[in-house]
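Asker: The following block contains the structure, expressed as structure tokens.
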Amino acid sequence: MFWTVLLIFSILAFPAGASSSPQDQNGCAFTANLGSPPAPAATGTISTRLFRGGVQGTCNTNTFPGNTSSGTFPFDAYTFTNSSASPVCVTAALTVNSQSNADYQIAAFLAPFAAADITNPARYLGDSGLSRNNFNPPINPLTFQFTVPANTSFTIIVYSVTGTAELGGNYTLRTLSYGSFCTPAPPTLPALYGASANGELFSIDTNTGAGTLIGILPFGYFGGSTEIVLNNTTRRAWTQFSPSAAQGGQEFDINTGAGIGSPIATAGAFNGLEWIGSTLYGTVITSGGGASQLRTLDPFAGTSSLVGPTGRGPIAGLAYDQTSGTMYGITGGNGSGGGAIGNLVTINLTTGAATTVGSVGFNAGSLEFGPDGNLYAGSTDGAGNLYRIDKTNGAATLVGRTGFNNVTGLTLVNSTNTNTIQFSASNYGVGEGEQRAAVTVTRSGDTSASASVNYATSDSAGSQNCNVTNGIASSRCDYISALGTLKFAAGETSKTISVLIINDSYLEGPETFNISLTNPSGASLGSPATAAVTIIDNDSSTGANPIDQAGFFVTEHYYDFLNRLPDTDGLAFWTNEINSAEMIRRALG
Numbered sequence: 000m001f002w003t004v005l006l007i008f009s010i011l012a013f014p015a016g017a018s019s020s021p022q023d024q025n026g027c028a029f030t031a032n033l034g035s036p037p038a039p040a041a042t043g044t045i046s047t048r049l050f051r052g053g054v055q056g057t058c059n060t061n062t063f064p065g066n067t068s069s070g071t072f073p074f075d076a077y078t079f080t081n082s083s084a085s086p087v088c089v090t091a092a093l094t095v096n097s098q099s100n101a102d103y104q105i106a107a108f109l110a111p112f113a114a115a116d117i118t119n120p121a122r123y124l125g126d127s128g129l130s131r132n133n134f135n136p137p138i139n140p141l142t143f144q145f146t147v148p149a150n151t152s153f154t155i156i157v158y159s160v161t162g163t164a165e166l167g168g169n170y171t172l173r174t175l176s177y178g179s180f181c182t183p184a185p186p187t188l189p190a191l192y193g194a195s196a197n198g199e200l201f202s203i204d205t206n207t208g209a210g211t212l213i214g215i216l217p218f219g220y221f222g223g224s225t226e227i228v229l230n231n232t233t234r235r236a237w238t239q240f241s242p243s244a245a246q247g248g249q250e251f252d253i254n255t256g257a258g259i260g261s262p263i264a265t266a267g268a269f270n271g272l273e274w275i276g277s278t279l280y281g282t283v284i285t286s287g288g289g290a291s292q293l294r295t296l297d298p299f300a301g302t303s304s305l306v307g308p309t310g311r312g313p314i315a316g317l318a319y320d321q322t323s324g325t326m327y328g329i330t331g332g333n334g335s336g337g338g339a340i341g342n343l344v345t346i347n348l349t350t351g352a353a354t355t356v357g358s359v360g361f362n363a364g365s366l367e368f369g370p371d372g373n374l375y376a377g378s379t380d381g382a383g384n385l386y387r388i389d390k391t392n393g394a395a396t397l398v399g400r401t402g403f404n405n406v407t408g409l410t411l412v413n414s415t416n417t418n419t420i421q422f423s424a425s426n427y428g429v430g431e432g433e434q435r436a437a438v439t440v441t442r443s444g445d446t447s448a449s450a451s452v453n454y455a456t457s458d459s460a461g462s463q464n465c466n467v468t469n470g471i472a473s474s475r476c477d478y479i480s481a482l483g484t485l486k487f488a489a490g491e492t493s494k495t496i497s498v499l500i501i502n503d504s505y506l507e508g509p510e511t512f513n514i515s516l517t518n519p520s521g522a523s524l525g526s527p528a529t530a531a532v533t534i535i536d537n538d539s540s541t542g543a544n545p546i547d548q549a550g551f552f553v554t555e556h557y558y559d560f561l562n563r564l565p566d567t568d569g570l571a572f573w574t575n576e577i578n579s580a581e582m583i584r585r586a587l588g
């Protein structure tokens with residue numbers, strides 16, 4: 000029987016100048032078999048074990064859970080020292096890759112650890128409250144937190160709950176801290192971050208699916224997380240607690256997972272969250288497994304406003320496509336792992352109504368666009384898989400296992416100096432007689448290097464006649480299609496796209512077309528990446544075809560052949576030529 004244990008110590012809160020170098024263990028990673036740990040780690044057996052009461056250790060004072068059962072339980076003990084003058088909070092995380100015959104528990108005690116300490120509340124610091132196989136599917140990883148007093152050594156023990164049957168199992172112990180020994184390299188940004196139903200925060204390699212633990216989100220196992228979201232502009236992150244724990248959530252540090260402030264009630268279980276510009280959208284259920292609504296919300300204030308019913312059950316994740324202006328959702332999650340086979344849907348941001356795109360074929364718990372522009376989803380079937388989703392039909396391609404059982408949240412984390420390109424507004428207006436619409440594109444963040452982005456206009460008018468009045472502008476009748484590439488020089492932050500407008504004589508009211516940004520180079524797309532342009536009609540009644548007017552006729556030729564407005568001299572010359580020819584024709588009869 001082969002099993003691998005990943006045990007991570009994460010020092011979450013160090014005062015200035017603090018240190019927590021290990022005095023007994025040297026290095027950051029240890030590989031051994033249970034009962035044969037590397038020196039100077041200790042090994043032995045205990046005659047009883049801690050009661051698995053389900054109370055996960057926290058950074059506060061942890062209550063001794065008591066003992067249960069008797070027998071021979073092998074353990075390995077790893078000792079470290081907090082040599083700082085202040086207490087520190089430590090996080091321990093234990094991951095087993097094999098789910099068979101791997102019922103174990105982890106706990107922390109004051110060092111040195113003796114077998115009799117397993118029954119001594121005065122030596123106890125904290126434990127996971129659970130063993131791995133105490134849940135179905137088994138919890139992966141198993142985590143807890145505890146506080147180590149100043150200038151104090153502590154010991155983490157890994158022990159078998161079933162007895163000597165697991166003796167000899169292979170495991171790996173790794174240590175990490177923030178700002179101290181074994182400091183982990185931060186994820187390369189932009190990156191896709193995930194959250195589990197157990198409350199772990201981790202980064203994800205979108206090439207392999209592998210997850211790397213960053214920290215523990217506030218409220219632990221039984222608060223878990225049903226969704227996480229980061230506002231990349233304000234850098235404020237939010238975790239929504241599992242519906243089984245509370246209809247609320249808490250702000251957290253995206254770099255460590257540590258909670259900020261206190262939990263805030265949100266009056267509903269939000270399973271999906273997604274920022275569009277400065278507006279946060281969420282899908283919420285008000286009863287377990289019930290119908291969902293689309294709402295806008297301010298989680299930091301605990302307020303939300305109804306957009307409308309989705310017409311679906313729980314929607315476990317949201318992801319906004321900045322290029323097409325489409326909000327995607329994924330159904331089937333219940334916010335805490337499990338749920339039905341999911342469907343990819345699109346969601347109307349005006350009404351809240353969801354439209355099915357297609358089945359993804361697995362139990363889905365999260366959805367988000369990755370740094371590569373692809374759409375990803377995480378599973379809540381106990382496997383914790385990452386899938387790449389086809390936006391056109393919902394088909395899923397397995398990327399790989401994250402190493403976390405149920406992926407209930409995904410969010411894209413951009414670099415703090417991200418260079419983004421976006422429109423200056425979501426909507427632009429132009430008078431029909433103004434001849435051209437000026438659409439401004441801006442670049443923000445680190446603009447020290449060059450960048451480029453493609454742009455193109457579009458509409459849904461198709462081959463409709465030019466006299467149709469339906470609010471849709473047509474590139475055949477109302478404006479000239481524009482497409483190309485904007486190139487920003489180093490330090491340049493603004494560009495203007497000119498779209499030529501046709502001043503026809505139809506009474507048609509305001510008409511709208513779209514313009515989109517795609518394929519950025521040297522930057523990423525910001526928000527909004529799609530904008531609407533509305534042409535304001537200047538006709539009070541339908542008049543004669545203006546093509547008989549020389550000035551209009553010449554202007555249209557400049558549009559069609561040169562794709563620009565006529566210059567003053569050229570317009571005057573050709574208009575005069577046409578008018579003179581007409582005068583000669585009339586004179587000759």
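Quick note on numbering that gives the first Met the number 0: the sequence shown kicks off at 0 and runs consecutively. C-beta atoms are modelled at their ideal positions from N, C-alpha and C, and glycine is treated no differently.
So which of L191, P185, I420, T146 has the shortest CA-CA distance to G377?
Answerer: The candidate whose alpha carbon is nearest that of G377 is L191.
Asker: Any idea if P185 is buried or exposed, counting beta-carbon neighbours within 10 angstroms, 16 or more meaning buried?
Answerer: With fewer than 16 Cβ atoms within 10 Å of its Cβ, P185 is classed as exposed.
Asker: Assuming T456 contacts L482 (C-beta within less than 8 Å), just tell me the rounded distance between them.
Answerer: Correct: roughly 7 Å between the Cβ atoms.
Asker: Taking the CB atoms as reference points, tell me whether L409 and G316 lie closer together than 8 Å.
Answerer: Yes, Cβ-Cβ distance for L409 and G316 is below 8 Å.
Asker: Who are the near neighbours of D568 in its chain, counting only those whose CB is closer than 7 Å to its CB and skipping five residues on each side?
Answerer: If we look at D568 and ignore the five residues flanking it on each side, it has no Cβ neighbours.
Asker: By the 10 Å Cβ neighbour count, where 16 or more other Cβ atoms means buried, how is L524 classified, buried or exposed?
Answerer: With 16 or more other Cβ atoms within 10 Å, it is buried.
Asker: For R173, count neighbouring C-beta atoms within 10 Å of its own C-beta (all shown protein chains included) and say buried if the count is 16 or more, exposed if not.
Answerer: Answer is buried; the Cβ neighbour count reaches 16.
Asker: Just confirm the distance between the C-beta atoms of S224 and T238, as a whole number of angstroms; I'd bet it's less than 8 Å.
Answerer: Right, the Cβ-Cβ distance comes to about 5 Å (below 8 Å), so this counts as a contact.
Asker: If N404 and I215 are in contact, beta carbons under 8 Å, what's the gap, nearest whole angstrom?
Answerer: Not a contact, Cβ separation roughly 15 Å.
Asker: I253 by DSSP, collapsed to three states: which one?
Answerer: Coil at I253, not helix or strand.
Asker: Applying the 10 Å Cβ sphere with the 16-neighbour rule, what's the burial state of S335?
Answerer: Because the pLDDT of S335 is 47, which lies under 50, any placement of that residue in the model is unreliable, and the number read from its coordinates should be weighed accordingly. So S335 ends up on the buried side.
Asker: Quick one: what does DSSP say D568 is sitting in, helix, strand or coil?
Answerer: Correct three-state label for D568: helix.
Asker: Between which two residues does the beta strand (DSSP E) harbouring A624 extend?
Answerer: In the structure as shown, the chain starts at 0 and stops at 588, and residue 624 therefore has no counterpart that could be examined.
Asker: When the Cα of A268 is compared with those of P298, V306, D380, which residue comes out closest?
Answerer: For the residues P298, V306, D380, the minimum Cα distance to A268 belongs to P298.
Asker: Spell out a yes or no on whether the stretch 517-531 and the stretch 458-475 are touching, meaning 3 or more CB-CB pairs, one atom from each, closer than 8 Å.
Answerer: Segments in contact, no.
Asker: Using only CA atoms, which one of L397, N418, I534 lies nearest to G432?
Answerer: If we check each option's Cα against that of G432, I534 comes out closest.
Asker: For A522, does the three-state DSSP call read helix, strand or coil?
Answerer: DSSP places A522 in coil when its eight states are reduced to three.
Asker: Can the beta-carbon of Y319 be found closer than 8 Å to that of T295?
Answerer: Going by C-beta atoms, Y319 is not nearer than 8 Å to T295.
Asker: Please return the same chain residues whose Cβ sits closer than 6 Å to the Cβ of P21, not counting the five positions on each side in sequence.
Answerer: The predicted model places P21 with a pLDDT of 39, which falls under 50 and marks its position as unreliable; any figure quoted below should be read in that light. Excluding residues within five positions, the ones whose Cβ falls inside 6 Å are F79.
Asker: Evaluate I203 with the Cβ neighbour count: other Cβ atoms within 10 Å of its Cβ, from every protein chain shown; 16 or more gives buried, anything less gives exposed.
Answerer: By the neighbour-count rule (16 or more Cβ atoms within 10 Å), I203 is buried.
Asker: Based on DSSP bridge pairs, tell me the residues matched to C476.
Answerer: The partner list for C476 (beta bridge, DSSP) is empty, contrary to what the question assumes.
Asker: Going by beta-carbon coordinates alone, are Y478 and K390 separated by less than 8 Å?
Answerer: Not closer than 8 Å, so no.
Asker: How many Å lie between A488 and N418 at the Cα?
Answerer: Rounded to the nearest angstrom, the two C-alpha atoms are 13 Å apart.
Asker: Using CA coordinates, which residue listed in P189, A114, L506, P313 is at the minimum distance from S540?
Answerer: Nearest option by C-alpha distance: L506.
Asker: Do the stretch 111-129 and the stretch 392-404 touch if we need at least three Cβ pairs shorter than 8 Å?
Answerer: No, the stretch 111-129 is not in contact with the stretch 392-404.
Asker: Compare the C-beta of G383 against all C-beta atoms of chain D and say whether one is closer than 8 Å.
Answerer: This model lacks chain D altogether; it includes just one protein chain.
Asker: Do you know how far the Cα of A450 is from the Cα of T439?
Answerer: Cα to Cα, T439 sits roughly 16 Å from A450.
Asker: With distances taken Cα to Cα, identify the nearest neighbour of R264 among N254, F240, T255, S323.
Answerer: First, the residue type needs correcting, since residue 264 is Ala and not Arg in the sequence shown. Comparing Cα positions, the closest option is F240.
Asker: Taking Cβ to Cβ, would you say A121 is nearer than 8 Å to I105?
Answerer: No, these two residues do not count as a Cβ contact at 8 Å.
Asker: Can you check which of these residues, G248, L272, K494, R475, is closest to F512 by C-alpha distance?
Answerer: Closest by alpha carbon: R475.
Asker: Suppose the cutoff is 6 Å on Cβ atoms and the five residues either side in sequence are ignored; what does the same chain contact list for K486 look like?
Answerer: These residues qualify, in order along the chain: S451.
Asker: Suppose contacts are defined by Cβ-Cβ distances below 8 Å. Is A31 in contact with T154 by that definition?
Answerer: Contact flag unset, no.
Asker: From Q98 to P140, what does the alpha carbon distance come to, in whole angstroms?
Answerer: Below a pLDDT of 50, predicted positions are generally treated as unreliable, and Q98, at 48, falls in that range; the measurement from the model is reported next regardless. When rounded, the distance between both Cα atoms is 12 Å.
Asker: Here's the rule: buried if 16 or more other CB atoms are within 10 angstroms of the residue's CB, otherwise exposed. What is P313?
Answerer: Under this definition P313 is a buried residue.
Asker: Reducing DSSP to helix, strand and coil, say where P21 ends up.
Answerer: Because the pLDDT of P21 is 39, which lies under 50, any placement of that residue in the model is unreliable, and the number read from its coordinates should be weighed accordingly. It is coil, neither helix nor strand.
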